[in-house]
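Remarks on the structure that follows.
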(Lines of atoms letter the chains of each structure in order from A; the text may use other names.)
(Lines give C-alpha, C1' and ligand atoms only; values in the text may rest on other atoms or scores of the structure.)
Protein backbone atom coordinates (compact mmCIF):
# COMPACT_ATOMS: atom_id res chain seq x y z
CA UNK A 263 0.00 0.00 0.00
CA UNK A 264 1.43 3.34 -1.01
CA UNK A 265 1.42 6.75 0.59
CA UNK A 266 -1.40 8.00 -1.67
CA UNK A 267 -3.55 5.00 -0.75
CA UNK A 268 -3.05 5.77 2.93
CA UNK A 269 -3.81 9.45 2.42
CA UNK A 270 -7.03 8.67 0.51
CA UNK A 271 -8.16 6.03 2.99
CA UNK A 272 -7.83 3.09 0.59
CA UNK A 273 -6.71 -0.28 1.80
CA UNK A 274 -5.69 -3.50 0.14
CA UNK A 275 -8.44 -6.07 -0.04
CA UNK A 276 -7.98 -9.09 2.19
CA UNK A 277 -6.77 -12.20 0.43
CA UNK A 278 -9.06 -15.19 0.56
CA UNK A 279 -8.14 -17.65 3.27
CA UNK A 280 -10.25 -20.72 2.66
CA UNK A 281 -9.01 -22.31 5.88
CA UNK A 282 -11.22 -19.81 7.71
CA UNK A 283 -14.15 -22.03 6.71
CA UNK A 284 -12.89 -24.58 9.26
CA UNK A 285 -13.90 -22.19 12.05
CA UNK A 286 -17.60 -22.78 11.27
CA UNK A 287 -18.08 -25.87 13.50
CA UNK A 288 -16.85 -24.06 16.63
CA UNK A 289 -18.89 -20.97 15.70
CA UNK A 290 -21.92 -23.26 15.31
CA UNK A 291 -21.53 -24.41 18.92
CA UNK A 292 -21.53 -20.79 20.13
CA UNK A 293 -24.49 -19.96 17.90
CA UNK A 294 -26.58 -22.92 19.05
CA UNK A 295 -25.82 -22.40 22.73
CA UNK A 296 -26.72 -18.71 22.59
CA UNK A 297 -29.58 -18.53 20.10
CA UNK A 298 -30.89 -22.06 19.48
CA UNK A 299 -29.87 -21.93 15.80
CA UNK A 300 -28.40 -25.31 14.82
CA UNK A 301 -26.81 -26.50 11.57
CA UNK A 302 -29.38 -27.41 8.94
CA UNK A 303 -27.10 -29.82 7.07
CA UNK A 304 -26.99 -27.70 3.92
CA UNK A 305 -24.19 -25.61 2.52
CA UNK A 306 -23.45 -24.13 -0.87
CA UNK A 307 -20.84 -22.37 -2.94
CA UNK A 308 -21.91 -19.62 -5.33
CA UNK A 309 -19.87 -18.74 -8.39
CA UNK A 310 -20.39 -16.85 -11.62
CA UNK A 311 -21.22 -19.23 -14.42
CA UNK A 312 -18.51 -19.66 -16.99
CA UNK A 313 -19.40 -21.17 -20.32
CA UNK A 314 -17.25 -23.43 -22.42
CA UNK A 315 -15.38 -26.70 -22.28
CA UNK A 316 -13.24 -25.74 -19.28
CA UNK A 317 -16.34 -24.94 -17.26
CA UNK A 318 -18.05 -28.24 -18.18
CA UNK A 319 -14.91 -30.16 -17.24
CA UNK A 320 -14.68 -28.25 -13.96
CA UNK A 321 -18.31 -29.01 -13.07
CA UNK A 322 -17.66 -32.69 -13.73
CA UNK A 323 -14.48 -32.57 -11.63
CA UNK A 324 -16.45 -31.03 -8.75
CA UNK A 325 -19.12 -33.73 -8.98
CA UNK A 326 -16.46 -36.46 -9.12
CA UNK A 327 -14.64 -34.93 -6.15
CA UNK A 328 -17.74 -34.95 -3.96
CA UNK A 329 -19.03 -38.31 -5.25
CA UNK A 330 -15.70 -39.92 -4.29
CA UNK A 331 -16.45 -39.34 -0.61
CA UNK A 332 -17.61 -42.49 1.22
CA UNK A 333 -21.26 -42.21 2.22
CA UNK A 334 -21.45 -39.39 -0.30
CA UNK A 335 -23.78 -36.55 0.52
CA UNK A 336 -26.39 -35.38 -1.90
CA UNK A 337 -24.80 -32.81 -4.20
CA UNK A 338 -26.56 -30.72 -6.80
CA UNK A 339 -25.78 -27.88 -9.18
CA UNK A 340 -28.45 -25.22 -9.51
CA UNK A 341 -28.69 -21.84 -11.22
CA UNK A 342 -30.41 -18.81 -9.77
CA UNK A 343 -32.38 -16.11 -11.54
CA UNK A 344 -29.30 -13.87 -11.65
CA UNK A 345 -27.26 -16.38 -13.66
CA UNK A 346 -25.07 -17.64 -10.82
CA UNK A 347 -24.32 -21.31 -10.23
CA UNK A 348 -24.72 -22.85 -6.78
CA UNK A 349 -23.14 -26.15 -5.87
CA UNK A 350 -25.22 -27.41 -2.96
CA UNK A 351 -24.13 -30.12 -0.54
CA UNK A 352 -26.43 -31.90 1.91
CA UNK A 353 -25.29 -33.71 5.06
CA UNK A 354 -26.97 -34.66 8.28
CA UNK A 355 -27.26 -31.61 10.54
CA UNK A 356 -24.85 -33.22 13.01
CA UNK A 357 -22.12 -33.51 10.36
CA UNK A 358 -21.17 -29.86 9.92
CA UNK A 359 -17.43 -30.68 9.73
CA UNK A 360 -18.01 -32.83 6.61
CA UNK A 361 -20.15 -30.10 5.09
CA UNK A 362 -17.37 -27.59 5.72
CA UNK A 363 -14.90 -30.00 4.10
CA UNK A 364 -17.14 -30.07 1.00
CA UNK A 365 -17.32 -26.26 0.87
CA UNK A 366 -13.55 -26.01 1.25
CA UNK A 367 -12.92 -28.65 -1.43
CA UNK A 368 -15.22 -26.94 -3.94
CA UNK A 369 -13.70 -23.50 -3.31
CA UNK A 370 -10.17 -24.90 -3.55
CA UNK A 371 -10.91 -26.79 -6.76
CA UNK A 372 -12.38 -23.69 -8.37
CA UNK A 373 -9.47 -21.56 -7.20
CA UNK A 374 -6.83 -24.08 -8.29
CA UNK A 375 -8.38 -24.37 -11.75
CA UNK A 376 -8.19 -20.63 -12.36
CA UNK A 377 -11.80 -19.80 -11.48
CA UNK A 378 -11.07 -17.96 -8.23
CA UNK A 379 -12.25 -14.70 -9.75
CA UNK A 380 -15.65 -16.33 -10.37
CA UNK A 381 -16.15 -17.31 -6.70
CA UNK A 382 -18.64 -15.13 -4.83
CA UNK A 383 -19.52 -16.72 -1.53
CA UNK A 384 -20.14 -19.88 0.44
CA UNK A 385 -22.87 -20.36 2.97
CA UNK A 386 -23.79 -22.72 5.75
CA UNK A 387 -27.47 -22.85 6.68
CA UNK A 388 -28.87 -22.95 10.20
CA UNK A 389 -32.38 -23.28 11.63
CA UNK A 390 -33.89 -22.49 15.00
CA UNK A 391 -36.53 -24.70 16.70
CA UNK A 392 -39.24 -22.73 14.85
CA UNK A 393 -37.52 -23.56 11.51
CA UNK A 394 -36.49 -19.93 10.90
CA UNK A 395 -33.47 -19.82 8.57
CA UNK A 396 -30.12 -18.17 9.15
CA UNK A 397 -26.95 -18.39 7.07
CA UNK A 398 -23.35 -17.70 7.84
CA UNK A 399 -21.91 -16.44 4.59
CA UNK A 400 -18.23 -16.45 3.68
CA UNK A 401 -17.22 -13.75 1.20
CA UNK A 402 -14.46 -15.30 -0.89
CA UNK A 403 -12.85 -12.07 -2.06
CA UNK A 404 -12.91 -10.51 1.42
CA UNK A 405 -12.01 -13.54 3.54
CA UNK A 406 -14.78 -12.63 6.00
CA UNK A 407 -18.15 -13.88 7.21
CA UNK A 408 -21.48 -12.23 7.87
CA UNK A 409 -24.87 -13.47 9.07
CA UNK A 410 -27.94 -13.34 6.86
CA UNK A 411 -31.37 -13.83 8.46
CA UNK A 412 -34.10 -13.72 5.82
CA UNK A 413 -37.75 -13.15 6.65
CA UNK A 414 -40.79 -13.71 4.43
CA UNK A 415 -41.38 -11.01 1.82
CA UNK A 416 -37.68 -10.39 1.15
CA UNK A 417 -37.12 -8.73 4.48
CA UNK A 418 -34.24 -9.29 6.88
CA UNK A 419 -34.09 -9.79 10.60
CA UNK A 420 -31.45 -7.14 11.23
CA UNK A 421 -31.73 -7.54 14.99
CA UNK A 422 -30.76 -11.22 14.74
CA UNK A 423 -27.95 -10.46 12.28
CA UNK A 424 -26.39 -7.95 14.69
CA UNK A 425 -26.93 -10.32 17.63
CA UNK A 426 -25.09 -13.08 15.73
CA UNK A 427 -22.34 -10.65 14.75
CA UNK A 428 -21.77 -9.81 18.41
CA UNK A 429 -21.88 -13.48 19.45
CA UNK A 430 -19.41 -14.73 16.86
CA UNK A 431 -16.84 -11.95 16.86
CA UNK A 432 -14.38 -14.21 18.72
CA UNK A 433 -15.11 -17.27 16.53
CA UNK A 434 -15.07 -15.90 12.98
CA UNK A 435 -13.46 -13.04 11.04
CA UNK A 436 -16.57 -10.92 10.50
CA UNK A 437 -17.08 -8.44 7.68
CA UNK A 438 -16.86 -4.95 9.21
CA UNK A 439 -18.37 -3.16 6.19
CA UNK A 440 -22.14 -3.61 6.57
CA UNK A 441 -22.69 -2.53 2.95
CA UNK A 442 -21.10 -5.84 1.97
CA UNK A 443 -23.68 -7.86 3.89
CA UNK A 444 -25.53 -8.68 0.69
CA UNK A 445 -28.86 -10.46 0.87
CA UNK A 446 -28.81 -13.80 -0.94
CA UNK A 447 -32.54 -14.12 -1.51
CA UNK A 448 -33.54 -17.62 -2.56
CA UNK A 449 -30.12 -19.12 -1.91
CA UNK A 450 -30.22 -22.92 -1.84
CA UNK A 451 -30.65 -24.20 1.69
CA UNK A 452 -32.47 -21.14 2.96
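Residue numbers (our numbering): 263 to 452. Using N, Cα and C, we set each Cβ at its ideal position, and we do this for glycine too.
Query                                                                                                                  : Result
Three-state secondary structure (DSSP) of residue 306                                                                  : strand
Integer-rounded CB distance, given that residue 404 should sit under 8 Å from residue 442                              : 7 Å
Backbone CA spacing between residue 394 and residue 446 [nearest angstrom]                                             : 15 Å
Residues bridged to residue 337 (per DSSP)                                                                             : 351
Outcome for residue 291 when other beta-carbon atoms lying within 10 angstroms are tallied against a minimum of 16     : exposed
Contact under 7 Å by Cβ, residue 306 with residue 450                                                                  : yes
When 309, 370, 301 are compared against residue 382, the one with the closest alpha-carbon                             : 309
When 338, 374, 376, 398 are compared against residue 424, the one with the closest alpha-carbon                        : 398
Pair within 7 Å by beta-carbon distance, residue 302 and residue 388                                                   : yes
Spatial neighbours of residue 439 in its chain, beta-carbon cut-off 7 Å, leaving aside the 5 residues before and after : none
Residue of 385, 337, 390, 349 minimising C-alpha distance to residue 400                                               : 385
Straight-line gap, residue 280 to residue 323 (C-alpha atoms, nearest Å)                                               : 19 Å
C-alpha distance - residue 418 paired with residue 396, whole-angstrom precision                                       : 10 Å
Residue 360 versus residue 353 - alpha carbon distance                                                                 : 7 Å
Residue 379 (DSSP reduced to helix, strand or coil)                                                                    : helix
Selection from 433, 392, 402, 415 that minimises the alpha carbon distance to residue 298                              : 392
Inter-residue Cα distance where the pair is residue 363 and residue 436                                                : 20 Å
Residue 406 versus residue 287 - alpha carbon distance                                                                 : 16 Å
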